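Okay, so here's the structure we're looking at.
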Amino acid sequence: MDFAFTKEELDFRREIEAFVKEVLPPDWDEWAVYWPGSYGTMPQLEAEFQEISRRFSRMLGEKGWLGIGWPKEYGGQGSAMKAAISGDVLSYYRFPAGGVATTIAGPTLILVGSEELKKEFLPGIASGEIGFWLGYSEPNAGSDLVSLKTTAVDDGDAFIVNGQKIWSSGAHVTEYGWVIAKTDMDAPAHKSATLMIIPNDTPGVTIKPIINICGNHSFNEVFFDDVRVPKRYVVGEVNKGFYNVMLALQFERMSVGSGGFRRVLEELVRFARETERDGRPLSEDPRVRKALAAIAVEIEVFLTFYWQSAWMQDRGQVPELEASALKLVFTELSVKLADTAMDLLGPFGLLDKGSKRAPFGGRVGMGYLDAISGPIGAGTSEIQKTILATRGLGLPRKK
Amino acid sequence: MDFAFTKEELDFRREIEAFVKEVLPPDWDEWAVYWPGSYGTMPQLEAEFQEISRRFSRMLGEKGWLGIGWPKEYGGQGSAMKAAISGDVLSYYRFPAGGVATTIAGPTLILVGSEELKKEFLPGIASGEIGFWLGYSEPNAGSDLVSLKTTAVDDGDAFIVNGQKIWSSGAHVTEYGWVIAKTDMDAPAHKSATLMIIPNDTPGVTIKPIINICGNHSFNEVFFDDVRVPKRYVVGEVNKGFYNVMLALQFERMSVGSGGFRRVLEELVRFARETERDGRPLSEDPRVRKALAAIAVEIEVFLTFYWQSAWMQDRGQVPELEASALKLVFTELSVKLADTAMDLLGPFGLLDKGSKRAPFGGRVGMGYLDAISGPIGAGTSEIQKTILATRGLGLPRKK
Amino acid sequence: MDFDLNEEQKILQRSAADFLKKECPKERVRRIEETEEKYSPDLWRKMADLGWMGLHLPEQYGGTGWSFLSMAVLLEEMGYNICPGPFISTTLLGCVPLLHAGTEDQKQAILPGVASGDLILTLALAESDRGYEPSTLKVSGVRSDESWVIDGVKLFVPDALSADHILCVARTSAASEPGAGLTLFRVEKDHPGVTVTPLKTIARDNQCEVAFDHVRLGPESVIGPVDEAWPAVKAALDRAAVGRAAEVVGAMRATLDMTVAYAKERVQFGRPIGSFQAIQHYLADMWVDMLGTRNLVLQAAWKLSTGEPADREVSMAKVRAGRMGRKATTVGHRIFAGIGFTMEHDLHLYHRRTVAADFAFGDSDSYHERVARALGL
Amino acid sequence: MDFDLNEEQKILQRSAADFLKKECPKERVRRIEETEEKYSPDLWRKMADLGWMGLHLPEQYGGTGWSFLSMAVLLEEMGYNICPGPFISTTLLGCVPLLHAGTEDQKQAILPGVASGDLILTLALAESDRGYEPSTLKVSGVRSDESWVIDGVKLFVPDALSADHILCVARTSAASEPGAGLTLFRVEKDHPGVTVTPLKTIARDNQCEVAFDHVRLGPESVIGPVDEAWPAVKAALDRAAVGRAAEVVGAMRATLDMTVAYAKERVQFGRPIGSFQAIQHYLADMWVDMLGTRNLVLQAAWKLSTGEPADREVSMAKVRAGRMGRKATTVGHRIFAGIGFTMEHDLHLYHRRTVAADFAFGDSDSYHERVARALGL
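Structural data, given as C-alpha cells:
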C-alpha cells in the first residue's frame, strides 16, 4: 500500500503544472467560470472562451497529454494514473480544456470502434482538433434510455435519423454528436438502439441553446430532421447501443475534476484568515474551523476514490461500481462545498459575477447555483445509489 | 392566532404541576429511566416501578385526569388540549404513568365499542385500575398488518385464537391485550381481521419477555394457544379490525411525551454552563452554543405540532396526517437530541446507569441506545413518510 | 391556543393570493428583475391602493392599524408569488423605527407618504463586517455645532436605489454598554455626499453599497434619542427578519406545490416519478419542514404583535426559515432535475431567494447565537 | 500509488478473519463482556501465540517487526469480529511510548513480556476535563530527592483493571510551550497509592478511573526525557486513534454485511425489504461511507508507517471513522427495526462500540480542530 506518487508520476505532475502556469493568462482566475463537480460552468463550453480553449487543447495534444490514458498502440502512455494527474492539475487551475472527445469518445472508440472510425477520429481527438457532444437524453427521458424516441431507420448504406436530444453540453462548440438512436423498432428496449457519430454539419441537424441557471449557454437541444448518417459512423455493433453507452458512461462518470475541490478549499482557508468579523479573523471562530475541517475531510475521501479508480484501471479492472460511487461522491461533494463556501462568505457569497465587492469574482454564488447540476446530471445521485445497491450489493430489484 | 395558553389552561397546568411535585419522590430524577420520543425506557413498564406507577395512576384517576380528553358523557372534560397539557407535564417530570389503556383503548372504545364493553372497561381505565397492551405486530410482519397470521376462529359465542404477537409493550405489567386477529380466512386482507380484548389470565395466553438493548424488559412476545375469547370482547365490528386499528393508530401516534424534550434541553444547558473544558465553561464554546440552539429550534417546532394537534382535535378535526407527521417528528427529534446530548457529554455520555461519574444517572447513554426505538416503532419513519406523501400529498402509490 | 387566522387575516390572505396571481405572474417577476431597481412603480401603486403599505400603520397616518401578524400573513403570500420590490424595506425597516422612536412631526412627515405609496424607505445598517450586532457598526456621526456629519460605508442596504429616504445607523459615541452609542439619522438619497452603488446578487434583488462622505445633516434628521437608537432599530430588524422568514415559508409552499404537481405527471422508467419512494420521502420531508417553519414564523409574528419580548421566537423562526428554505429549493431541484436547471423554468427564482433569505439581516450563526442566549447559555 | 495490501498483509488479514470467526464468536464476546475486566486470558494467550502482540515490535524484543499498517489491517478484522480485550491499550498506548522514548533496559524489561502475551499495559492520559491535549493535563509529578510523587486522578483509562503496568502522563513543570512540562512514568498497578475504579460504559469496555494518591516512584520509572514526554505520548495516541478507527471500519463492514443479508431475506408488504428504494439508498450510502472511511484509515496507517508527519491524515481518519461508524450502526438499526433492538441480536454490540469509538482518545470536535490546524487555519 502506498498513497504517494512515484517519482515518475511526480515528475509528470510537475511538468504539466509548469506547462499550465506558463500558458494560462496571469489574470485567468479572475474570469474563469468553474465550480468543481458541476456541469453548468465549464469554461471550455462557453463561446467566449472558445478561442483560448481550442488553442490550449491543441497545445495539450501536441504534448501528447490528451490521450495519455490510451493504450500505447494509439499513441497514449496507457496510464490512467497519468490521465488522472493531468485531470487533477488542469482542474486545479481551472484550465479550459477537456471534454467528451478525450474522456468518452476516444476510450470507447478504442474498445469497440471499427478500424476505419479509429483512423478517422482518434488522431483528431488526440491532437485536440475535434470535439464531441453527447446525444443521450431526450426531453421526456432523462436517464431512462429505455424510453428512447429518436429513431434511425435503415436506408441501405446509411441510417435516417429523426428525433430530439436535450442537455447536450457543448453541441454548439464541437463538431460531432455521440448519439444513441433506436434502430430496431420491434426488439426489446435493450437490444434496439445503436450508438453513432453524427457530424454537426450534416443536413437536418439543428442545435438550439439552453441557458442554464448560472446564465451560461452550456447545454443544447439538438433536433434531427431526416438526418442521413453513413453506416460507417456506427460505433460498435448495430443494436448494441445500450451496452456501448453503458461502457461509455463509466468513462464519463470517471472524468472528474478533482483539483478544483482542493483549489476552492485553499481559497476558503485564505478567505477565513484574511476576513475579520467583530474584530477578529473568521479563521479563529471554532464554528468556521469545524466547518472547513469537515469539508476538507470529505474532499480527502473523494481524492482517495479518485486515485484509487485510476489505479484500478491501470490494473485492468473495470471500475463499473467505482464509477458510480465516484460520480455520486463528487457531485454530492460539490453541493456540500458550495454550501460551506456560501455559509463562510455570508452575504458576500451572494454577490454575482461582475458585482462590486464580490469575493473570488462571484464564483461562490455561481457555484451555489451550479452545484444543483452535479447530482442531477449524468445519472442522478438516486440512480447511482440504486446501481450500487442492486449491482453492487446484490439487493433485489423492484418487482 | 394565539400561541399562549388560556387562563383556564394555565390554571390546569399549574394544578397538575403542583400535584406531580407533591407526589413524586424527591430523588425520583436519579432513578427514573426515560428518554423522550422512544419506546424502550418507560418507567411505568418496568417491573421495579410497578408499585409506584400503579399508585400514581390511581391518583391521576381520582383527580379525573386520566380520561380528561374524553367526552363529558364518559366522565372526561372533552378537552384534548388539557390532555396534552397533562401529557406535557407528566413527561417533563418523567412521571411513571400513562399507557395504552388511556391513550388508545379508552378513546377507541368510546368511538366504536359496544355499550357493554364501555361499561365494563371505561371506568377501570379512567380510574387507573386496569392496563392494556397492544397485540398488533407479529414476528414476520412489523407494520405489515396485511400479513397477519394470528387466527380467531368462530366457535359459537367465542373466538378461538391461535398465533403469536411480538413487541407487546407492558404485557407483563397490564391485564388486557388489545389484539388484532384474522377472523375471515378467505376475505381480502383488509376485510378479514377483528380487534378484540383478551384478558391476560385467559387460559392459553403465554407472555415471554424481550429484553431490549437498554437492558429493560418493556417488550414481550405473547403466544396464543387455543385461547377462547368471548364475542362480547370484540371491539367494533367483526372483520373491521383494520379500520379500527387505523383509528387507534392515530391515537397512538398522538400520544407523545413532549415535556421530556424540554427537560433534557434544560439539563444540557445546565451541564454546558457547569462543565469546564480547557479552562472555560463548555457554554462559551460557539460550537456548543450552536448545537444546543439548533436542537432547541427543532424542539420548538415539535412543540408547535404537539399543541396544534390537540387544538385540531378539540375542533373536531381528525388528525390523520398530523398524527403521522407528529410521530415522525418526535421520534426523529429523539434521535437528534440523543446525538446532541452525547456529543455534548463526550465520553461521560457513555457512562451507564450505576457507573461512578455518570452525569444524569447515565440517562444520556441509555437515551442514545433507546433513541433507536423511536423511528422504528409504531410505524417506521419511512412508513410515516410514505403515508404523508401518498395520502397527504396525493402522490401515486407504487404499482 | 388558537392556530387559526382570524377572519380579517383570512380575507387578506385570499385577496393577496388572488391579486398577486393576477398582477405578479412570473413573467412580470422576470421583467422586474431586469430593471436596475428591481421594482415596478405600477405594481407598487396597485399594492398601495390595496392598503398594503399602511397595513400595520396607525390610522392617523393613513394606515389600517392591523397587527404585525397580518403583515406576516401578507408576506407569506408575497413570498409564494415572489413579489419583488421594496416592501420590507419600506414598511418594516423604514417605518418601524419611526413608529417606535420618531417625533409626531417626523411620523406625520413620512408615514402618510408611505401609506399612500408615494414614499419608499430603507435602512442602512450592516457594514463591511456583515454583522447586524451593534458592536460591528463603525460608520460615524460626529456632532458639529447644531448639525451632524456622517462618514463611512454601509453595505447590503436593500432597495437603496429606489428609496426616497435612507435611515442610517451611525456611531455617535463609544459604546458604554452593548447597543449604546448609536444614533439613527434620516437622509434623503440625493443628499450631497451620499453615493449609492448597486451590488449585483444571485438573488437579483437590489442590494446596495451606500457611501457617506462627510454628509452634513441638521438636528431634525435625528430619529429618536441620540446614542440610544438600538431598541428602535432592533424592533425593525426583528420584524424584517420575521417578514423575510414569512416570505420563505411562501417560497417553500410554492416549491412544494410545483414539485408535487411535477412528480405526479413526470414519467420515468414507465411510472410517475412521484411513485418512487426516494421522491415520496423527499416531498414528505419538505412538507413537514414547511409546516414546522410556518408554525415558528407565525408564532414569532404573533409574539411580536403582542408587544412582549420575542427574542427567542424571532431568532428561532429566522434561523429555521433560513436553513429550511435552502433545503426545500435544493431538494426541489433534485426532483425537477434538468428542466429545473434552465433559466426558463421558475424554480431557480425561488432557489436564488431562499439562499439570500438565509443571510438577510444576519446569518444563521448569528441567529443561532441569539437562540443560545435566549436559552441562558 | 498502490491501493493493495502486500502479500504478508493479505495473509494476516485472512488468518485473522479465520481465527476470530472461530475463536471470537459473538457468544464469546457476550461472555467476555460480562467479566469485570472485559477480557479473556485464554483468547489473549491464543492471540499472543499468533504473534499479534509483537506484530509491530522489533525482532530483538520478540516481535515480528511489521509496520503499523499491518496492525491496522489486523485491527480492522478485530473490529469486524468485536474482539474484546486490552489489545490497543497494550500494543499501542503501552508499547509505542516505550519504543519511542524508553531506554534499552526499559524496552528489554517490558516489550518481550508484551510479545509473549504475559504483560498487559495501558496509558493514563485524560482527566476530568476529558481532553487529550497537553494543556488539559493537571495530574502532578513532583520531584522529591531522587524520586517522584504523583498525585491526581486520571479518567477513561482503558483496561486498567487488567493492566500490569500503567504509563501515566504527569505534569512535572509548567508548560513553557504547548506540550512541554509533561513526563511519562511507569507505575505498577498494585503500587501503593494507586486506586483503579472501573467505570461502567454502554460500550461494555473496561474504562477506569485511576487515582494517584501520593504515589512515590523511583527515577527508573521515568520513561523518556523529563518534561518532554509529549512526542512519545502523541505517537501512541495517534496510533491508538487510527487503530480504533480501523476497528470502526471493521464494524462498519460487519454492519453492512449483516444488514445487506437481512434486507435480502426479510419480507414486508409482500417483498424483500431490500427491494424498497429507501432501504437500497441507505445501504448504498453505508457502503460508500465505509469505503471512504477505510481509505482514510489505511492512508493514515500507511503515513504513520512511513515515519513522516501524519497529523492531517490521522485526524481526518479518526474524525471520519468516529462520525461514520455511528451513522452506519444507526442506519443498520433502521433496517433491522424491532429485532435489532433486542439484546439477543448482535447489531447493538456494534452500535455501542461505534459511539464509544467516536470519543476514544478525543472527540470529533478536537480532531476537527487538528484538521483545521493542518489546513493552516
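The listed protein sequences correspond, in order, to chains A, B, C and D.
Residue numbering for the first sequence follows my numbering, starting at 691 and increasing by one per position.
Residue numbering for the second sequence follows my numbering, starting at 691 and increasing by one per position.
Residue numbering for the third sequence follows my numbering, starting at 6 and increasing by one per position.
Residue numbering for the fourth sequence follows my numbering, starting at 6 and increasing by one per position.
No residue lacks a Cβ here, since even glycine has one placed at the ideal position from N, Cα and C.
Bear in mind the structure is a predicted one, so any value in this text is a computation, not a measurement.
Comparing C-alpha positions only, which one of A:Y782, A:S1063, A:S999 and A:E1012 sits nearest to A:V1025? Ranked by Cα distance from A:V1025, the options A:Y782, A:S1063, A:S999 and A:E1012 are led by A:S1063.
Measure from the C-beta of C:V360 to each C-beta in chain A and report whether the shortest distance is under 8 Å. Answer yes: the Cβ-Cβ gap between C:V360 and chain A drops below 8 Å somewhere.
How many whole angstroms separate the CB atoms of A:F1020 and A:F992, which I take to be in contact at a CB cut-off of 8 Å? Indeed, because the Cβ distance is near 6 Å, the residues count as touching under 8 Å.
Tell me whether B:S859 sits in a helix, a strand or coil according to DSSP, three-state version. Of the three classes helix, strand and coil, the one that applies to B:S859 here is coil, per DSSP.
Is it true that the segment 32-39 of chain D meets the segment 266-281 of chain D, where meeting means three or more beta-carbon pairs spaced less than 8 Å apart? In short, these stretches do not touch, since the Cβ pair count stays below three.
Closer than 8 Å to chain B by CB, D:T264: With 8 Å as the cut-off, D:T264 does not count as an interface residue toward chain B.
Secondary structure of B:N934, DSSP reduced to three states: Reduced to three states, the DSSP call for B:N934 is helix.
Reduced DSSP secondary structure (H/G/I, E/B, other) of D:T141: In this structure, DSSP gives D:T141 a helical state, which the three-state scheme calls helix.
Pair within 8 Å by beta-carbon distance, B:V987 and C:V376: Going by C-beta atoms, B:V987 is nearer than 8 Å to C:V376.
8 Å contact criterion, which B:I815 and B:A787 should meet: CB distance rounded: So it is not a contact: roughly 13 Å between Cβ atoms.
Alpha helix (DSSP H) segments (min. 4 residues) lying fully within the segment 171-254 of chain C: Counting whole runs of 4 or more residues, the segment 171-254 of chain C contains no alpha helix (DSSP H) stretch at all.
With a threshold of 8 Å between beta-carbons, can C:F217 be considered close to chain A, or not? No, no contact with chain A.
When the Cα atoms are used, what is the spatial distance from B:G949 to B:A1061? Put simply, the backbone Cα of B:G949 is about 16 Å away from that of B:A1061.
What is the DSSP secondary structure of A:P920, counted as helix, strand or coil? DSSP places A:P920 in strand when its eight states are reduced to three.
Contacts that D:A326 makes with chain C (C-beta to C-beta distance below 9 Å): Going along chain C, no residue has its Cβ under 9 Å from D:A326, so there is no contact; the nearest lies around 27 Å.
With three or more C-beta pairs closer than 8 Å as the rule, is the segment 1032-1049 of chain A touching the segment 351-371 of chain C? Counting C-beta pairs closer than 8 Å gives three or more between the segment 351-371 of chain C and the segment 1032-1049 of chain A, which meets the contact rule.
For A:Y783, which of helix, strand or coil comes out of DSSP? The three-state reading of DSSP puts A:Y783 in coil, since its state is none of H, G, I, E or B.
Helix, strand or coil: how does DSSP classify D:D363 here? Looking at D:D363 - three-state DSSP - the assignment turns out to be helix.
Within the segment 711-799 of chain A, note down every full alpha helix (DSSP H) run reaching 4 residues or more, in order along the chain. Segments of the alpha helix (DSSP H) lying fully in the segment 711-799 of chain A: 718-721, 740-753 and 770-782.
Exposed unless 16 or more other CB atoms sit within 10 angstroms - verdict on D:N300: Buried is the call here.
Is there a C-beta anywhere in chain C that falls below 8 Å from the one on B:Q998? At least one chain C Cβ lies under 8 Å of B:Q998.
Are the beta-carbon atoms belonging to B:W857 and D:G337 less than 8 Å from one another? In this structure, B:W857 keeps its C-beta atom at 8 Å or more from the C-beta atom of D:G337.
Relative to the C-alpha of C:D368, which candidate in C:A326, C:D351 and C:I340 has its C-alpha closest? With respect to the C-alpha of C:D368, the residue from C:A326, C:D351 and C:I340 having the closest C-alpha is C:A326.
Rounded separation between B:G928 and B:F913 - CA only: Reading the sequence as shown, one finds Val at residue 928 of chain B and not Gly. Distance between the alpha carbons of B:V928 and B:F913 is about 22 Å.
DSSP has A:A1079 in a bridge; who is on the other side? Answer by DSSP bridge pairing: none, since A:A1079 is not bridged.
Helix, strand or coil for B:D1004 per DSSP? In the three-state reduction of the DSSP assignment, B:D1004 falls in the helix class.
Cutoff 8 Å: D:A245 Cβ touching any chain B Cβ: For D:A245, the nearest beta carbon of chain B is not closer than 8 Å to its own beta carbon.
Taking C:G136 as the query, report the chain B residues whose CB atoms sit under 7 Å from its CB, ordered along the chain. Counting only Cβ-Cβ distances below 7 Å, C:G136 has no contacts in chain B at all, with the closest Cβ about 14 Å away.
Could you tell me which chain G residues have their CB closer than 9 Å to the CB of B:T965, listed as they occur along the chain? Structure shown: chain G not included; protein chains present are A, B, C and D.
Scan the segment 956-987 of chain A for residues whose Cβ lies nearer than 7 Å to a Cβ of chain B and list them as they occur along the chain. Of all residues in the segment 956-987 of chain A, D975, P976, R977 and K980 have a Cβ within less than 7 Å of some Cβ in chain B.
Which of helix, strand or coil does DSSP assign to B:S804? DSSP places B:S804 in coil when its eight states are reduced to three.
List, in order along the chain, the chain B residues whose C-beta lies closer than 8 Å to that of C:S280? Going along chain B in sequence order, the residues near C:S280 (Cβ under 8 Å) are L1085, P1086, R1087, K1088 and K1089.
Can you pull the chain C neighbours of B:W1001, defined as C-beta to C-beta under 8 Å? What B:W1001 touches in chain C: M6, D7 and F8.
Could you pull out every residue in the same chain whose Cβ sits closer than 8 Å to the Cβ of A:R744, ignoring the five residues on either side in sequence? Contacts found: G818.
Could you tell me which residues DSSP pairs with B:V843 in its beta bridges? According to DSSP, which records beta bridges pairwise, B:V843 is partnered with B:I850.
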